[in-house]
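In what follows, a structure is listed as structure tokens, so that the remarks can point back to it.
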Amino acid sequence: MRAYKPKENVQAKAYYTDRFYVAPQVPKSAVDTDAVFASDLEAIKAKFEVKDAYIQVEQMVVYINAHDIYGVLELMRDELAYTQLSEMSAIDWLAKDNTFEIFYQMLSMTKRKRIRVKYFIENGQAVDSVEKLFRSADWSEREMFDMFGIEANNHPFMKRILMPYDWQGHPLLKTYPLEGDEFAAWYEVDKIYGKEARDIIGPELRDTARVDRYDSERFSRLGFEVPKGTEITGDEEPHVESYQEEGGVFMVTKLDKESSKVIDDPQR
Amino acid sequence: MAQHKVNYTQDAGLPIALTSVDKIVNWGRSNSLWAMTYGLACCGIEMMAAGASRYDFDRFGTIFRASPRQSDVMIVAGTLTKKHSEFIKRLYDQMTEPRWVISMGSCANTGGMFNTYATVQGVDRIIPVDLYLPGCAPRPETLQYGVMLLQKKIRANKAGNAQKAKRLM
């Protein structure tokens, strides 16, 4: 367990670091404890170099070389019956050793097994696209490019998928601040009104604890708002809001609360 | 020719109403506020509920239109992302004047809980807003109340003068 530390203004920090924190490890077991996984691993090892393999939470994790990915997934799809690519993306290890870890989550419906194929690439290196094998990799690889800046070679449409095309920066990198960088903070103002409008429109108000003098408590209950700082006892007089002028409205009937019928059955 | 005899002076008064141009123009504007369907997130569900039979916006003359060129009020219901911000500005520019904007819910007002890089921190950074509705999400009653307050605001204007072009800057 980590010792408790006060977390004032956590959102303003880009990320949380604890020098002596060791992430808890999920226990691993050897591959030969599961016959299906053992035979799958033998089939992969016969053709490709496997750097590491183990079973974790009933799923086999296989580490391979980056240039083997297309061949390994093709072998798994055509010969080992892993016919679905559930998801694929990257993990940012740039702070640790300047690498990304790419993972592909494979599912076999007939064997009812899942295998995670993983490899490491250097920062700035591109990966091989598997879009020709699995159509689901089309958008996943675009998202990986959008969020991490990792390009996929031989992809038919290597563009951003979530952020706008003219966006700068890759938001899922650990170095990217949650509230956005300078470009993100002024994106809509720069695009619509131009840079000269920055002074007029002003910076974004992101202080969630900011108190305005017009703020009220219980604002979501109409007629029951009280000024900020009021001690709420529950027996305050409801504040009657009027939505019609005192003298009445031209050709609109004034609501008479006494003669109107109140329906209090919610199942009416 | 009416075959039956109508005694206006006795039954329902004379079919004549004396008023000013301001009042009758504002009456027309405020009681046929055609709203643009602008559901961006979960507030859109509450807006749809307000338009459906249980709360029934049609009683107020508020009919949802799918085109900015036919609508008078834009109800921005939901989270506005930065990717979408240029489109809301374009749609606002396509609405004919006079036009009004209701910012519905915390996300449209201030960005709400989405204190992130991808969310516009309030639609009033893009377009001028007439009415802010608090709540996450506001109930349909709140939206109806907001529309009635907007009607009150419209009635307070001088209709004879052309509406001053509202610009953010």
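In order, the protein sequence lines correspond to chains G and F.
Whatever position you read off the first sequence (first residue = 1), add 437 for the numbering used here.
Whatever position you read off the second sequence (first residue = 1), add 91 for the numbering used here.
Where a beta carbon is used, it is the ideal one built from N, C-alpha and C, also for glycine.
Outcome for residue i when other beta-carbon atoms lying within 10 angstroms are tallied against a minimum of 16
i: F/P225; result: buried
i: F/C227; result: exposed
i: G/A527; result: buried
i: F/S176; result: buried
i: G/F594; result: exposed
i: F/G119; result: exposed
i: G/Q651; result: Reading off the sequence shown, one finds Tyr at residue 651 of chain G, where the question assumed Gln. It counts as exposed.
i: G/F585; result: buried
i: F/R190; result: buried
i: G/G685; result: exposed
i: G/A418; result: Since the first and last residues shown for chain G are 438 and 705, residue 418 of chain G lies out of range.
i: G/V459; result: exposed
i: F/R246; result: buried
i: F/P229; result: buried
i: G/D517; result: The sequence shown places Leu at residue 517 of chain G, rather than the Asp named in the question. Counting Cβ neighbours within 10 Å, G/L517 comes out buried, since at least 16 surround it.
i: G/K482; result: exposed
i: G/K550; result: buried
i: F/T46; result: Since the first and last residues shown for chain F are 92 and 260, residue 46 of chain F lies out of range.
i: G/V626; result: buried
i: G/N457; result: Residue 457 of chain G is actually Phe in this sequence, not Asn. Burial call: exposed.
i: F/S121; result: buried
i: G/I552; result: buried
i: F/V192; result: buried
i: G/P703; result: exposed
i: G/A622; result: buried
i: G/T690; result: exposed
i: F/L124; result: buried
i: G/E559; result: exposed
i: G/A472; result: exposed
i: F/M138; result: buried
i: G/I669; result: exposed
i: G/P664; result: exposed
i: G/V463; result: exposed
i: G/F474; result: buried
Strand pairing of residue i, partner residues [DSSP]
i: G/Q496; result: G/Q493
i: G/Q556; result: Residue identity check: residue 556 of chain G is Tyr in the sequence provided, not Gln. G/I539.
i: F/A126; result: F/F155, F/V164
i: G/D477; result: BP columns for G/D477 are empty, so no partner.
i: G/I528; result: G/E538
i: G/Q521; result: G/L544
i: G/S466; result: G/I492
i: G/S653; result: G/P664
i: G/I501; result: G/V487
i: G/V648; result: DSSP output for G/V648 lists no bridge partner at all.
i: G/K550; result: G/S545
i: G/D565; result: G/N590
i: F/V112; result: DSSP, once it has assigned bridges, lists no residue as partnering F/V112.
i: G/V686; result: G/V689
### Task
Would you check if there are 3 or more beta carbon pairs closer than 8 Å linking the region 590-600 of chain G to the region 145-163 of chain F?
Contact between the region 590-600 of chain G and the region 145-163 of chain F is absent, because fewer than three Cβ pairs lie under 8 Å.
### Query
Which residues, taken in chain order from the region 638-668 of chain G, show a beta carbon closer than 7 Å to some beta carbon of chain F?
I638, E641, L642, R643, T645, F656, S657, L659
### Message
Report the start-end ranges of each alpha helix (DSSP H) in the region 164-247 of chain F that is 4 residues or longer and not cut off at the edges.
### Response
176-185, 196-201, 231-247
#### Entry: Three or more C-beta pairs below 8 Å linking the region 117-131 of chain F and the region 164-171 of chain F
yes
### Query
Along the region 601-625 of chain G, what residues have a CB closer than 9 Å to any CB found in chain F?
P601, W604, G606, P608, Y613, P614, L615, E616, G617, D618, A621, A622, Y624, E625
### Message
Within 8 Å, do at least three Cβ pairs link the region 200-216 of chain F to the region 606-621 of chain G?
### Response
yes
### Query
Using 8 Å as the threshold, is the region 466-473 of chain G in touch with the region 491-501 of chain G, meaning 3 or more CB pairs across them?
yes
#### Entry: Validate contact between the region 512-528 of chain G and the region 568-578 of chain G using beta carbons, cut 8 Å, 3 pairs
yes
### Message
Any C-beta of chain F within less than 9 Å: which residues of the region 683-695 of chain G qualify?
### Response
Cβ contacts with chain F come from V686, F687, M688, V689.
### Query
Is the number of C-beta pairs between the region 558-571 of chain G and the region 498-506 of chain G that are closer than 8 Å three or more?
yes
### Message
Does the region 594-603 of chain G come into contact with the region 195-203 of chain F, if we say contact requires no fewer than three beta-carbon pairs (one atom in each stretch) closer than 8 Å?
### Response
no
### Message
Taking contact to mean 3 or more Cβ pairs, one atom from each stretch, closer than 8 Å, check whether the region 636-644 of chain G and the region 210-224 of chain F are in contact.
### Response
They touch, by the three-pair rule.
### Query
Listed from N- to C-terminal order along the chain, which residues in the region 142-175 of chain F have their beta-carbon within a distance smaller than 8 Å of any beta-carbon of chain G?
K173, K174
### Task
Return the residues of the region 570-598 of chain G that lie within a Cβ-Cβ distance of less than 7 Å from chain F, sorted by chain order.
none
### Where the region 175-190 of chain F meets chain G: residues whose CB sits under 8 Å from a CB there
S176, E177, K180
#### Entry: the region 233-248 of chain F in contact with the region 133-153 of chain F per 3-pair CB rule at 8 Å
yes
#### Entry: Residues of the region 535-550 of chain G whose Cβ lies closer than 7 Å to any Cβ of chain F, in chain order
none
### Task
Scan the region 452-469 of chain G for residues whose Cβ lies nearer than 8 Å to a Cβ of chain F and list them as they occur along the chain.
none
### Task
Could you list the residues in the region 223-236 of chain F with a C-beta less than 9 Å from some C-beta on chain G, going in chain order?
The residues in question are P225, G226, C227, P229, R230, E232, T233, Y236.
#### Entry: Start-end ranges of the alpha helix (DSSP H) lying completely within the region 570-634 of chain G, minimum 4 residues
Here the runs fully enclosed are 574-585, 619-622, 624-629.
### Query
Listed from N- to C-terminal order along the chain, which residues in the region 123-140 of chain F have their beta-carbon within a distance smaller than 9 Å of any beta-carbon of chain G?
none
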